[in-house]
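**Q**
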Amino acid sequence: MCEANVYMLQEDGEKTLVMEAVDKVIPGKDELFMENIFGERKTIKARIVEMALVDHQILLKKADDTAE
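Following this line, the structure appears as C-alpha cells:
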C-alpha cells in the first residue's frame, strides 16, 4: 500500500489527523487538494512541511503560518 495519513502540525508541535489513507495530493497556489482510497476528497489551505513516505505520513502547516 502506498497511501499516507495527513497531519496538520500545530504551533506546539502536536500533530492533528486531517485525513487517512491519502493516495493523491495536488498542490494549488495556497491550498492542497487531497483524495483518499475511499474516494473522500478535501481541500485545505496549507503547505507541505514534510513527506515521510516510508512512515506513511505527510505533515502540513496552515497557509497562514507560512511567513518565516
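Residue numbers (our numbering): 91 to 158. Positions of the beta carbon are idealized from the N, C-alpha and C atoms, including for glycine.
Which stretch, first to last residue, makes up the beta strand (DSSP E) that contains L149?
**A** Counting along the chain, the beta strand (DSSP E) containing L149 begins and ends at 147-152.
**Q** Out of E130, Q147, K151, which has the shortest C-alpha to C-alpha gap to R137?
**A** K151
**Q** What are the start and end residues of the beta strand (DSSP E) that includes E125?
**A** DSSP places E125 inside the beta strand (DSSP E), whose first and last residues are 122-126.
**Q** Taking a contact to mean a Cβ-Cβ separation below 8 Å, would you say I134 touches M141 in this structure?
**A** no
**Q** Report the rounded CA-to-CA distance for T156 versus V139, giving the unit in angstroms.
**A** With a pLDDT of 45 at T156, under the threshold of 50, the predicted position of this residue should be treated as unreliable, though the coordinate-derived value follows. Going by the C-alpha atoms only, they are around 10 Å apart.
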